[in-house]
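Residue numbers (full-length UniProt numbering), protein chains in the order written: chain A, 1 to 222; chain B, 1 to 222. Yeah, the Cβ is synthetic: ideal placement off N, Cα and C, and Gly gets one too. As the structure is a prediction and not an experimental result, all values here were calculated from the model.
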DNA sequence: GAATATTTCTGCACCTGGTATACATTTGCC
DNA sequence: GGCAAATGTATACCAGGTGCAGAAATATTC
């Protein structure tokens with residue numbers, strides 16, 4: 001009954017939506033997120049401000065709606081894992097594959113366009129904050145995936161989820177910031193993989209090894 | 001030269017600041033965060049809107065400035081731990097102590113005033129988002145503490161920090177939401193302690209045990 | 001294919017958070 | 001008491017976002 005077949009109405013809606021989004025991103029990339037008002041975006045997209053807000057509930061959504069898929073990515077990976085594989089392995093393998101393929105969600109993609117977008121986001125605190133909210137969504141989705149497929153009780157699932165998401169995010173964030181500061185993806189490649197291995201090993205084996213003062217794997221003598 | 005001795009100026013400043021904050025919190029508690037404009041707060045505090053913003057850079061700060069100390073609490077606990085104790089143990093012990101003492105940062109404080117504040121925050125998405133940013137600050141501070149006191153390399157410190165903060169937060173959040181939904185702190189007490197033990201054990205031992213399909217501690221047979 | 005119902009778009013007025021400017025007041029200090 | 005620096009105020013303004021009433025476009029029914 002709803003959007004089964006395109007239909008002229010649906011078609012125009014989709015067209016308008018992408019028009020607004022593209023106009024917005026172009027302006028934001030050129031002048032910076034905070035330097036462009038939504039009124040100007042609306043004008044560029046030849047739409048009224050009111051209509052713009054009908055499509056995108058807030059200014060930040062003009063940017064982040066593109067990344068919305070990634071919110072549930074981890075959950076999907078966990079759900080789709082081959083049986084017999086534990087969730088953590090599935091996530092790790094997926095991340096390493098992402099690194100090899102320069103998947104943007106690993107932070108290791110330095111195509112100029114991706115890089116510009118990244119810098120634009122990092123320059124706008126509101127956008128960074130909005131990205132943070134993605135973490136919460138990812139945590140929720142992953143919690144459910146773990147609860148459903150790993151036979152873990154609610155709390156365990158949730159705790160595992162927040163840990164995995166936090167580490168995953170930290171890795172991607174680290175890569176992204178390095179690239180944004182000029183490092184090349186090729187140069188970063190090996191380091192990123194090693195870091196990821198290290199990170200997932202830590203996640204798997206726990207923080208037991210993290211230093212009681214003067215007792216770590218490489219202790220200071222004080 | 002600056003705030004060494006109170007001095008009339010400093011004194012008035014502090015007085016104004018608390019006056020604004022108290023007026024704000026009272027109004028927010030009574031009518032809800034989003035139902036009260038900053039103009040109304042300024043009026044109630046007998047200050048101009050501009051002055052209000054001189055003291056609190058954003059509306060949310062009128063509420064969250066009180067919680068600002070907790071941002072570095074984990075880092076402080078880690079830094080202040082007795083030598084020979086590993087950071088994770090220090091954090092766990094501190095959390096368990098917090099539970100016993102109903103320290104609000106564990107989420108297990110149901111004094112009516114705390115509860116009202118909590119509900120008010122949970123009802124205002126902007127405030128929740130603002131709290132999220134505390135996590136980022138806590139992560140940064142804890143990263144440094146671990147780097148400095150646990151002889152961990154930067155990345156390891158960061159990874160451990162984000163895991164610890166995530167779990168810590170999840171525990172507190174869980175407690176807080178239960179209380180906000182009517183559970184009593186006394187009733188929640190034991191469960192909270194058990195959950196915390198479980199959570200820190202997981203953190204310590206890693207996610208190795210979390211279910212490859214059909215292989216967990218309590219496997220489903222599908 | 002015309003009439004009608006429904007959805008979408010628009011223009012406008014309006015609210016709120018936050019800032020710039022220019023001026024008045026207070027405080028610290030001599 | 002008098003002067004410089006710091007604070008406070010009033011006012012006007014900007015930008016994000018919403019409510020509303022009606023115009024325009026699309027879907028539907030006969």
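DSSP state of residue i mapped onto helix, strand, coil
i             : result
residue 5/B   : Residue placement at residue 5/B is poorly supported in this model, since its pLDDT is 48, which falls under 50; the coordinates are not used for a value here.
residue 185/A : helix
residue 19/A  : helix
residue 56/B  : coil
residue 211/B : coil
residue 98/A  : helix
residue 85/B  : coil
residue 191/B : helix
residue 203/A : helix
residue 167/A : helix
residue 176/A : helix
residue 111/A : coil
residue 10/B  : helix
residue 75/A  : helix
residue 46/A  : coil
residue 38/B  : helix
residue 161/A : helix
residue 103/A : coil
residue 90/A  : helix
residue 24/B  : helix
residue 80/A  : coil
Candidates the options: closest to residue i by CA position
i             : options                       : result
residue 139/A : 180/A, 95/A, 78/A and 98/A    : 78/A
residue 36/B  : 48/B, 205/B, 23/B and 46/B    : 23/B
residue 166/B : 152/B, 98/B, 203/B and 182/B  : 203/B
residue 114/B : 66/B, 132/B and 72/B          : 66/B
residue 125/B : 16/B, 20/B and 32/B           : 32/B
residue 34/B  : 56/B, 152/B and 122/B         : 122/B
residue 58/A  : 20/A, 15/A and 71/A           : 20/A
residue 156/A : 211/B, 153/B and 45/B         : 211/B
residue 229/B : 54/B, 189/B and 25/B          : Because residue 229/B is not part of the residues shown, which for chain B are 1 to 222, the question remains open.
residue 146/B : 135/B, 158/B and 136/B        : 158/B
residue 72/B  : 128/B, 46/B, 133/B and 27/B   : 133/B
residue 175/A : 162/A, 128/A, 191/A and 150/A : 191/A
residue 111/B : 196/B, 44/B, 184/B and 164/B  : 184/B
residue 76/A  : 119/A, 141/A, 84/A and 13/A   : 141/A
residue 54/A  : 187/A, 13/A, 9/A and 136/A    : 13/A
residue 46/B  : 64/B, 15/B, 63/B and 85/B     : 15/B
Supposed close pair residue i, residue j - CB separation, criterion 8 Å
i             : j             : result
residue 68/B  : residue 52/B  : Not really, about 18 Å apart at Cβ, beyond 8 Å.
residue 273/B : residue 205/A : The first residue shown for chain B is 1 and the last is 222, placing residue 273/B beyond what the model contains.
residue 29/B  : residue 117/B : 7 Å
residue 96/B  : residue 108/B : Actually they do not touch by this definition, with Cβ atoms about 11 Å apart.
residue 60/A  : residue 130/A : 4 Å
Length at least 4, wholly inside the segment 113-156 of chain B: the alpha helix (DSSP H) runs in chain order: 125-149
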